Amino acid sequence: MSNITDLSKTGYCKGIQCPKMLWLDAYRPEEAENVLSGTVMANGDLVGALARNYFGGYSLVDFSFVKSEMVNKTREYIDAGAENIAEAAFQHDGLYCAVDILHKNGDGWDIVEVKSSTELHDIYVEDMAFQYYLLTKCGMDIKNVFNMHLNRYYVRRGELDLKELFILEDCTETVKQKFHDAEENIASIRSYVSVSEEPQRDIGLYCEKPYQCAYKRYCGRHLPSHSVFDLAGMQTKTKYKHYHNGIITYDDILANAKAIKLSEKHRRQIESIVFDRPDEIHPAEIRSFLDTLTYPVYHLDFETFQQPVPEFDDERPFQQIPFQYSLHIEHADGTLEHREFLGKEGTDPRRALAERLVSDIPMGVCSLAFNMSFEKTVIKNLAEQFPDLSEQLMDIFDNMHDLMVPFRDGAYYSAAMQGSYSIKYVLPALYPNDPELDYHNLEGVHNGSEASAAFADMASHTPEEIAEIRSNLLKYCGLDTYAMVKVLRRLREAAE
Ligand code: SF4
865 MSNITDLSKT GYCKGIQCPK MLWLDAYRPE EAENVLSGTV MANGDLVGAL ARNYFGGYSL
925 VDFSFVKSEM VNKTREYIDA GAENIAEAAF QHDGLYCAVD ILHKNGDGWD IVEVKSSTEL
985 HDIYVEDMAF QYYLLTKCGM DIKNVFNMHL NRYYVRRGEL DLKELFILED CTETVKQKFH
1045 DAEENIASIR SYVSVSEEPQ RDIGLYCEKP YQCAYKRYCG RHLPSHSVFD LAGMQTKTKY
1105 KHYHNGIITY DDILANAKAI KLSEKHRRQI ESIVFDRPDE IHPAEIRSFL DTLTYPVYHL
1165 DFETFQQPVP EFDDERPFQQ IPFQYSLHIE HADGTLEHRE FLGKEGTDPR RALAERLVSD
1225 IPMGVCSLAF NMSFEKTVIK NLAEQFPDLS EQLMDIFDNM HDLMVPFRDG AYYSAAMQGS
1285 YSIKYVLPAL YPNDPELDYH NLEGVHNGSE ASAAFADMAS HTPEEIAEIR SNLLKYCGLD
1345 TYAMVKVLRR LREAAE
């Protein structure tokens, strides 16, 4: 039976970020929203399991709901002379942790904390400080404390090289210096959660960093429906600065516009709501954008996925791998042709995609993307990887135009865009309540994250399921470029 002041390393890190998180976990857990990404968790599990092999063979402490069983198993492994123990569990005075890898070092041990990121973060040091404190209290002689994370520059060639894939960062000195801090933090977190009356704590930057808190809606329930937090593109820390200075509502912001150097874009976003303004349309500016296009226009959209551990040759951790594109070819008379590519599940899709792309898009034609920096990056990476296709790929790169420009530059603005010029806001603003353009009406895949996850996971499904997933992906990506066709049409109407 666990006690309210029991603390794991996850709980400790939450308490460091904001102790009220732990208080809410204890007394109001029903207020939490799901902010954990399934992909992030799966990545963590995958990297953690792979990292166990870094030092050679290892003994694994299997998970049990009874913590003492894991602690006893760890002790058995230690007594039996194990060199490496994965998920080594320790308990002391209501504190608990499972060390990712406990590595034998002479007459002592090294703690190795594994993360699926590509760099060390401050919160990881707090995590390791808790482990070091607890293991020391358990009588373990800890020589070193390492953070093991992915090497973003590693490029896979053949078999995975774990010594190159992972970087071991020595955090021993920093962690050891935090021993007394950890003791004080544990006492302070415990005293915070021991009080049953709800503590008063205002929202702050700690609600966002290092992790987004699950209680933001609950703790932000006093905010008005339109507040400084709704301003698109404003830095989060700037929003909190204004909030803590009492500049919260749209009226507050307008009243302090000069002092806070309110940008024209934010003024427009706010005034469109406060004064219920109609759409703002500048036909001449839209025309000058349209004049840069030549027909036929090739509306292009890629889908990509990322893997923490490279599966293919010439792949780095978290590299964007394009696996799909949709291409709507719009002729001057308005007729449309549709082409598409979707890689085969479980294979490296890049070569086949690049070959099909250069055969679908002739040299010298006008291609169009929405927020083209993403599409251009994908094309440039393909050109670097496949020099024989580089000339044709870079021709597409050079002749690409960005459909986002008229919205980004304010040539067309609607209050419904909520200050954003992403297509997910622009499209429903231009075509409200159009079921044909509503991503919610799609089956299975409704956004880029779901598309990435669906492709990454596809090979593990049955042939029938794969057929359905492929169909969902094709419909999703096809809607992306069809939406661009419709957006361009609305711009032409507006220009007239
Ligand atoms: S929303 Fe902010 S104040 Fe509320 S518990 Fe989370 S971090 Fe703390």
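Position one of the sequence shown corresponds to residue 865 (the working numbering), numbered consecutively onward. Idealized CB from N, CA, C, for every residue including glycine. Because the structure is a prediction, the values reported are computed rather than measured.
Buried versus exposed call for residue i [16 or more other C-beta atoms within 10 Å across all chains shown]
i: E1328; result: exposed
i: E1194; result: buried
i: M865; result: Residue placement at M865 is flagged as unreliable, the pLDDT there being 47, under the threshold of 50; the coordinate-derived value follows with that caveat. It is exposed - the Cβ of M865 has fewer than 16 other Cβ atoms within 10 Å.
i: S1278; result: buried
i: D974; result: buried
i: N867; result: exposed
i: K1208; result: exposed
i: Y1346; result: buried
i: F1139; result: exposed
i: P1213; result: buried
i: P1186; result: buried
i: G879; result: buried
i: Q1133; result: buried
i: H1192; result: buried
i: V904; result: exposed
i: G1003; result: exposed
i: A1318; result: buried
i: Y1159; result: exposed
i: T938; result: buried
Residue i in three-state terms, based on DSSP
i: A1123; result: coil
i: Y1018; result: coil
i: L966; result: strand
i: M865; result: Reliability fails at M865, whose pLDDT of 47 lies under 50, so the model's placement of it is uncertain and the value that follows must be treated cautiously. In this structure, M865 counts as coil in the three-state DSSP scheme.
i: E1167; result: strand
i: C1230; result: strand
i: A1359; result: helix
i: Q1197; result: First, the amino acid is wrong: residue 1197 is Asp here, not Gln. Looking at D1197 - three-state DSSP - the assignment turns out to be coil, as it is neither helix nor strand.
i: Y988; result: helix
i: E1128; result: helix
i: C961; result: strand
i: F1043; result: helix
i: Q881; result: helix
i: L900; result: coil
i: E977; result: strand
i: D1177; result: coil
i: A953; result: strand
i: P1147; result: helix
i: N862; result: Only positions 865 to 1360 of the chain appear in the structure, and residue 862 is not among them; the question remains open.
i: V1351; result: helix
i: T1156; result: coil
i: L1306; result: coil
i: D834; result: Lying before the first or after the last residue shown, residue 834 is absent from the chain, which here runs from 865 to 1360.
i: T1113; result: strand
Cβ-heavy atom distance, residue i to ligand 1, below 7 angstroms
i: I1067; result: yes
i: K1105; result: no
i: K1080; result: yes
i: Y1303; result: no
i: Y1070; result: yes
i: L1087; result: no
i: M1098; result: no
i: K884; result: yes
i: L888; result: yes
i: C877; result: no
i: C1083; result: yes
i: C1077; result: yes
Whole-Å CB distance - residue i paired with residue j, under 8 angstroms assumed
i: N1011; j: L984; result: 5 angstroms
i: D1266; j: M1227; result: Not a contact, Cβ separation roughly 20 angstroms.
i: Y1189; j: C1341; result: 7 angstroms
i: P1063; j: Y1056; result: 7 angstroms
i: S981; j: H956; result: That belief does not hold up - the Cβ atoms of S981 and H956 are roughly 28 angstroms apart, past 8 angstroms.
i: F994; j: I965; result: About 16 angstroms separates the two Cβ atoms, so there is no contact after all.
i: Q1256; j: P1074; result: Q1256 to P1074, Cβ: 43 angstroms. No contact.
i: C990; j: C1077; result: Looking at the sequence shown, residue 990 is not Cys but Glu. Not confirmed; about 16 angstroms, so no contact.
i: G1312; j: E1167; result: 6 angstroms
i: V1163; j: L1221; result: Inspection of the sequence shows that residue 1163 is occupied by His rather than by Val. Going by Cβ atoms, the distance from H1163 to L1221 rounds to 13 angstroms, so no, they are not a contact pair.
i: I1145; j: A1280; result: That belief does not hold up - the Cβ atoms of I1145 and A1280 are roughly 14 angstroms apart, past 8 angstroms.
i: Q1249; j: D1178; result: 6 angstroms
CB contact check: residue i to chain B, cutoff 8 angstroms
i: I880; result: Structure shown: chain B not included; a single protein chain is present.
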